[in-house]
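In what follows, a structure is listed as structure tokens, so that the remarks can point back to it.
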């Protein structure tokens, strides 16, 4: 048995809130978590300022959460064919980024928000493509430990990094926090850590407080 690969065009899906215009003050590229769809995830941002443009790409791999109920979710990657999946979604996201970057003023604040699995997705994209942005927000997520951030130090120098966790998030254990602290310290990563009352979720109040103050 021999394994083969082939490249071909693929249709990718994304959703937006608001339209590019001269009134747009901030743009957010937002990345959903494992098993979510962009159409569900983007609703968490629908109470934000109308002068914010929200762009939500969707993971390229969809699957049935419950085949009997027809519930569909999406994933950014798995361990199978991992590097190729990362390359594919980074190319998709970069294409989308360039598309919208050309439609807004160069003075618009550019923000990247990744929730859960979407956080690692966002970080791997910026590590590979080095897009211009102002704020990176990892929500219920962490910096992937397979990357070398010291090599990105100059690139990240003028950018603000934020990590936000729910106090009742079952995935954020003391052990995981300690491991991430040691890792980010070694990698000389400086970020602001914020906590809110809630679990593994995008809390609307916490979201509004954060985006209005960055």
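Residue numbers (the working numbering): 226 to 439. Cβ coordinates follow ideal geometry from the N, Cα and C atoms, glycine included. This structure is a prediction, so every number in the text was calculated from the model and none was measured.
To the nearest angstrom, report how far apart residue i and residue j are at their CA atoms.
i	j	result
residue 342	residue 258	5 Å
residue 303	residue 284	11 Å
residue 364	residue 234	31 Å
residue 425	residue 435	17 Å
residue 286	residue 353	20 Å
residue 433	residue 367	21 Å
residue 271	residue 429	9 Å
residue 262	residue 402	27 Å
Assuming residue i and residue j are in contact, meaning their beta carbons sit under 8 Å apart, how far apart are those beta carbons, in whole angstroms?
i	j	result
residue 339	residue 256	4 Å
residue 336	residue 358	7 Å
residue 251	residue 333	6 Å
residue 327	residue 279	The Cβ separation is near 17 Å, so there is no contact.
residue 291	residue 260	Not quite, the Cβ-Cβ distance comes to about 11 Å (not below 8 Å), so this is no contact.
residue 249	residue 375	Going by Cβ atoms, the distance from residue 249 to residue 375 rounds to 34 Å, so no, they are not a contact pair.
residue 350	residue 319	7 Å
Going by DSSP, what residues sit across from residue i in a beta bridge?
i	result
residue 385	360
residue 280	241, 254
residue 350	None; residue 350 has no bridge partner.
residue 418	388
Out of the options, which one is the CA nearest neighbour of residue i?
i	options	result
residue 386	362, 372, 369	362
residue 236	400, 306, 423, 314	314
residue 324	312, 378, 254, 226	254
residue 308	371, 281, 390	371
residue 437	226, 245, 274	274
residue 243	227, 268, 294, 230	268
With a threshold of 7 Å (Cβ to nearest heavy atom), would residue i be considered close to the ligand GTP?
i	result
residue 326	Absence of the ligand GTP from the depicted structure is noted, as is the absence of any ligand whatsoever, leaving it without description.
- prompt: What alpha helix (DSSP H) runs, 4 residues minimum, are completely inside the stretch 283-339?
  reply: 307-326
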